[in-house]
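Numbering (this note's numbering), first residue to last: 12 to 269.
Structure (structure tokens):
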């Protein structure tokens with residue numbers, strides 16, 4: 012599929028999505044939001060893709076929303092726009108394929124929202140993060156949803172209500188990213204993480220990820236009930252038998268995706 016605002020490729024069972032509006036710091040316009048969601052859907056339905064890596068071309072990972080998209084709109088237009096951004100974030104949570112954000116530099120407003128929505132994130136040491144909409148009379152309503160679930164109420168609220176920037180190191184300390192590495196090692200560290208996931212049973216990873224998010228919203232005993240049911244489902248798959256046999260016989264498993 013041809014895209015205008017992103018680049019995609021598949022290599023080693025890893026699907027790559029690169030925000031490609033470098034002259035606009037990869038800010039979201041309606042086209043980028045739509046194409047990002049489309050690319051996620053395409054990769055989710057591609058059995059060759061076992062993990063997705065999201066990157067940004069140029070100086071920024073993503074600097075939020077293109078302000079030209081906000082100019083001269085009516086209330087209904089604003090609602091449709093933020094609804095599009097919401098659907099993009101929900102797709103990441105609902106899909107079974109894990110999504111890794113690889114952040115080389117600036118990730119603000121909806122950019123930090125993408126990082127918070129991603130399942131995992133790796134950042135360069137010089138990366139900067141912020142929920143900055145409040146600085147221009149707006150508020151990071153959408154990003155606040157994912158931030159509050161990643162960081163806890165007080166830290167998430169501090170970010171969205173002050174609009175202050177934080178470093179990659181601080182993002183790691185508060186749990187926004189999994190790892191901070193020197194900038195020249197970002198690509199290799201991200202690939203190393205993606206390869207680890209791509210080598211696991213796709214069925215186990217996909218059902219496990221979906222279960223993880225669903226269990227978060229359940230009462231404790233109900234969460235265990237779901238966990239037990241999903242574990243039993245996995246035990247009945249060919250891949251589960253293949254994985255156990257490969258382990259016992261000290262060989263590499265050959266996943267069948269069934």
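Using N, Cα and C, we set each Cβ at its ideal position, and we do this for glycine too.
Since the structure is predicted, the reported quantities are computational estimates derived from the model, not experimental observations.
- In the structure shown, the three-state DSSP call for residue 23 is coil.
- Under the DSSP assignment, residue 214 falls in the alpha helix (DSSP H) whose first and last residues are 213–227.
- Straight across, the Cα-Cα distance linking residue 63 with residue 21 is about 9 Å.
- With respect to residue 61, residue 43 sits apart: the two C-beta atoms are not nearer than 9 Å.
- With a contact defined as Cβ atoms closer than 8 Å, residue 111 and residue 205 qualify at about 6 Å.
- Beta bridge pairing from DSSP links residue 29 with 18, 66.
- Judged by DSSP in its simplified three-state form, residue 247 adopts coil rather than helix or strand.
- Residue 141: member of the beta strand (DSSP E) spanning 139–141, first to last residue.
- Of the candidates 51, 16, 105, 16 places its Cα closest to the Cα of residue 68.
- Within the region 100–132, the complete beta strand (DSSP E) segments of 3 residues or longer fall at 110–114, 117–119, listed in chain order.
- Bridge pairing for residue 53: absent [DSSP].
- Ranked by how close their Cα comes to the Cα of residue 187, the residues 247, 144, 128, 91 have 128 in first place.
- Cβ atoms of residue 256 and residue 214 stay farther apart than 8 Å, at about 15 Å.
- In this structure, the CA atom of residue 57 is about 10 Å from the CA atom of residue 108.
- Take residue 220, set aside five residues on each side of it, and the residues of its chain with a beta-carbon closer than 7 Å to its own are 107, 109, 130, in chain order.
- Excluding the 5 residues flanking it on each side, residue 222 has same chain C-beta neighbours closer than 7 Å at 237, 238, 241, in chain order.
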